[in-house]
Amino acid sequence: MLRLVFFAPALLLVLLFVAYPVFATIGVSLFSSDGSFVGFGNYGTVLGSPDTANLNGFPKPPPYGTLIHNAIWIGIHLPLSLFLGLWLALVLRDVKGASWIKTAIFIGMVTPLIVGGILMLYLYDGNIGVVPSFFNLIGVQSLATGWLQHPVTLLFGLIFGSVWLWTGFSLIVYSAGLTTIPKDYWEAAKVDGTSTFRMFTRVTFPLLKPMTIVVITMTILWELKIFDLVFGATNPQGGVGGAADVLGLQMYRYAFVQLPANVGAAAAVATFLSILTMVATVATLRYMVKR
48 MLRLVFFAPA LLLVLLFVAY PVFATIGVSL FSSDGSFVGF GNYGTVLGSP DTANLNGFPK
108 PPPYGTLIHN AIWIGIHLPL SLFLGLWLAL VLRDVKGASW IKTAIFIGMV TPLIVGGILM
168 LYLYDGNIGV VPSFFNLIGV QSLATGWLQH PVTLLFGLIF GSVWLWTGFS LIVYSAGLTT
228 IPKDYWEAAK VDGTSTFRMF TRVTFPLLKP MTIVVITMTI LWELKIFDLV FGATNPQGGV
288 GGAADVLGLQ MYRYAFVQLP ANVGAAAAVA TFLSILTMVA TVATLRYMVK R
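Residue numbers (this note's numbering): 48 to 338.
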């Protein structure tokens, strides 16, 4: 009985701030804006919209639809941020003053994403941007223009820019993981004449598996709910032609831009996004644990 008394406040908070909003959102998604019951009609509206998935887009330039854009974001951003963070953790492992370098890299992680989006405006600006100026310097004129003003480079520019904002997370996680590996393992491998690459693939990386699970899971969750970075760098439509439109922006438009507001469709996007998040999390955990 005493345990229940101590457990009750936490349970109440979970029910109030987690369970209730989830079920309320699902309930709202089953009704139209005028309050009439439409069942799964809002889900049909969302999933059937070319804004969600435009399968006829390939191999044309974007837009391909919010769902496909989120998938592209995961496919590019996840491996880049994961391996870049791991590489930095390995390189900085025995470097003096590495904590200062890690702190500088981690600044991107604590930077509000809306601020990060605004920074992208200046980084990719065709007149004063660092990125176009660099490509102009090395003679690649096709990339020496404003990246955020062209559908072909808009989405990929934001993805590459977001790598800096998130790499600090994987760097810190892997750096912490490396401290848990006894140095005896590496010394024994060196005595056996193991090459550096083989030592990484057979000793270091397998022992970092728990950290890899954390990095992959959290990165996918972050990429699925990406919103403020794109909003800050573009507009509610996802930039030129909707080339960087994502599910979060689509939900925002249904609720706050479209007139009259379609709150039911916005709730349907939120519910669909929650389901995707749960499926991705469970699939990632099951796959990584089995390996």
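By construction, the Cβ of each residue, glycine as well, lies at the ideal position given by its N, Cα and C atoms.
Keep in mind the model is a prediction, meaning the values are calculated, not measured.
Tell me which residue opens and which closes the alpha helix (DSSP H) that residue i is part of.
{"i": "I154", "result": "A145 to V157"}
{"i": "Q297", "result": "L294 to Y299"}
{"i": "W120", "result": "T113 to V138"}
{"i": "K230", "result": "K230 to V238"}
{"i": "K272", "result": "Taken as a continuous stretch (DSSP letters only), K272 belongs to no alpha helix (DSSP H), as it is neither H nor E."}
{"i": "G91", "result": "G88 to L94"}
{"i": "P68", "result": "Y67 to V75"}
{"i": "V287", "result": "Run containing V287: none; DSSP gives neither H nor E here."}
{"i": "W213", "result": "P198 to L225"}
{"i": "S83", "result": "Taken as a continuous stretch (DSSP letters only), S83 belongs to no alpha helix (DSSP H), as it is neither H nor E."}
{"i": "G164", "result": "L160 to L170"}
{"i": "V61", "result": "L49 to V61"}
{"i": "T243", "result": "T243 to M246"}
{"i": "F303", "result": "Counting along the chain, F303 falls outside any alpha helix (DSSP H), and DSSP gives it neither H nor E."}
{"i": "L184", "result": "V177 to L184"}
Please report how far the alpha carbon of residue i lies from the alpha carbon of residue j, in whole angstroms.
{"i": "A315", "j": "Y67", "result": "16 Å"}
{"i": "L59", "j": "G74", "result": "21 Å"}
{"i": "F203", "j": "Q297", "result": "19 Å"}
{"i": "S180", "j": "V199", "result": "18 Å"}
{"i": "G289", "j": "A118", "result": "15 Å"}
{"i": "L94", "j": "D231", "result": "54 Å"}
{"i": "A236", "j": "M246", "result": "7 Å"}
{"i": "R333", "j": "V262", "result": "15 Å"}
{"i": "G295", "j": "G240", "result": "51 Å"}
{"i": "F54", "j": "V293", "result": "39 Å"}
{"i": "L137", "j": "K149", "result": "12 Å"}
{"i": "R140", "j": "L225", "result": "8 Å"}
{"i": "P56", "j": "V326", "result": "29 Å"}
{"i": "S1", "j": "L205", "result": "Because the chain in this structure spans residues 48 to 338, residue 1 falls outside the shown range and cannot be described."}
{"i": "N143", "j": "Q305", "result": "Correcting the residue type first, residue 143 is Lys in the shown sequence and not Asn. Answer to the nearest angstrom: the Cα atoms are 54 Å apart."}
{"i": "N89", "j": "S217", "result": "37 Å"}
{"i": "A313", "j": "L77", "result": "11 Å"}
{"i": "W233", "j": "V250", "result": "8 Å"}
{"i": "T331", "j": "S209", "result": "22 Å"}
{"i": "G82", "j": "P307", "result": "13 Å"}
Going by the beta-carbon positions, is the gap between residue i and residue j smaller than 8 Å?
{"i": "G155", "j": "W211", "result": "yes"}
{"i": "G91", "j": "T99", "result": "no"}
{"i": "L168", "j": "A280", "result": "yes"}
{"i": "S128", "j": "W213", "result": "yes"}
{"i": "L184", "j": "V178", "result": "no"}
{"i": "S79", "j": "G311", "result": "yes"}
{"i": "Y299", "j": "P283", "result": "yes"}
{"i": "I121", "j": "L135", "result": "no"}
{"i": "G164", "j": "F278", "result": "yes"}
Compare the Cα-Cα distances from residue i to each of the options and report the closest residue.
{"i": "V287", "options": "F84, P110, N101 and A71", "result": "P110"}
{"i": "T264", "options": "F70, H124 and V61", "result": "H124"}
{"i": "T328", "options": "L166, Q284, L268 and D239", "result": "L268"}
{"i": "M335", "options": "P307, G176, F303 and F252", "result": "F252"}
{"i": "P229", "options": "S189, L201, L205 and L254", "result": "L254"}
{"i": "T324", "options": "T266, F303 and F278", "result": "T266"}
{"i": "F207", "options": "N89, V52, A291 and N309", "result": "A291"}
{"i": "N309", "options": "N101, V187, V85 and L166", "result": "V85"}
{"i": "S146", "options": "L190, G215 and S209", "result": "G215"}
{"i": "P126", "options": "I322, E270 and R249", "result": "E270"}
**Item:** Inter-stretch contact at 8 Å, needing at least 3 Cβ pairs: the region 211-222 / the region 248-268
**Value:** yes
**Stretch-stretch touch, CB-based, cutoff 8 Å, three pairs: the region 155-174 with the region 264-277** = yes
**Request:** Would you check if the region 71-85 and the region 300-320 touch, i.e. whether three or more CB-CB distances between them fall below 8 Å?
**Result:** yes
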